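Position in the sequence shown (from 1) plus 1 gives the number in my numbering. Note that beta-carbon positions come from the ideal geometry of N, C-alpha and C, so glycine has one too. Here the structure is a predicted model, which means the values were calculated and not measured.
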Amino acid sequence: MACLLSLRLFAADAEPSPDHDAGTKRVPSYTVMPDYPTVARRDRIQGEVQVCFEITREGRTRRIAVRRSTHRLFEKPAIRAVRRSTYVPVADDVVLSGIKSCRTFRFTLEPTVMETDDPAPASG
Numbered sequence: 002m003a004c005l006l007s008l009r010l011f012a013a014d015a016e017p018s019p020d021h022d023a024g025t026k027r028v029p030s031y032t033v034m035p036d037y038p039t040v041a042r043r044d045r046i047q048g049e050v051q052v053c054f055e056i057t058r059e060g061r062t063r064r065i066a067v068r069r070s071t072h073r074l075f076e077k078p079a080i081r082a083v084r085r086s087t088y089v090p091v092a093d094d095v096v097l098s099g100i101k102s103c104r105t106f107r108f109t110l111e112p113t114v115m116e117t118d119d120p121a122p123a124s125g
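What follows is the structure in structure tokens.
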């Protein structure tokens with residue numbers, strides 16, 4: 002048996018705050034998950050990044066900024082993921098709230114046991 006580390010990446014809406022509200026009622030149309038950085042995986046670094054942004058009427062993200070981060074290695078992948086994600090556009094007559102949305106990405110590694118079909122070689 003071999004033991005490997007598999008990566009787990011979670012995206013969760015951040016808890017609302019007065020100036021950054023995850024409940025802006027904008028519906029995602031295409032959500033991109035960030036890539037787990039190779040260096041972080043190799044060094045078994047785990048962490049969390051909260052990214053806040055505005056959503057345009059057309060459903061694009063803008064003014065993307067890291068609000069909180071446990072490790073700088075995860076910031077760029079999280080920003081790239083938010084930048085590539087899109088939301089359902091809203092009609093011109095809908096009033097936009099102007100409240101920022103936030104996403105929290107959790108980068109975690111979990112041990113995974115893989116069984117192989119090949120028996121262990123006999124020593125001797």
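Assigned secondary structure, Leu110 (DSSP; H/G/I helix, E/B strand, else coil): strand
Glu76 to Thr117 span [Cα, whole Å]: 36 Å
Alpha-carbon spacing of Phe54 relative to Cys103, whole angstroms: 6 Å
Residue from Ser98, Arg64, Pro78 and Lys26 with nearest C-alpha to Phe108: Pro78
Range covered by the beta strand (DSSP E) that runs through Glu55: Gly48 to Ile56
Burial state of Pro112 (16 or more Cβ within 10 Å): exposed
Environment of Tyr88 [buried if 16+ CB atoms lie within 10 Å]: buried
The segment 91-100 contacting the segment 62-76, beta-carbon criterion three pairs below 8 Å: no
Anticipated Cβ contact below 8 Å, Thr62 with Arg81, distance rounded: Incorrect: roughly 11 Å between the Cβ atoms, too far for contact.
Contact under 8 Å by Cβ, Pro35 with Leu74: no
Inter-residue Cα distance where the pair is His128 and Gly48: Since the first residue of the chain shown is 2 and the last is 125, residue 128 is not available in this structure.
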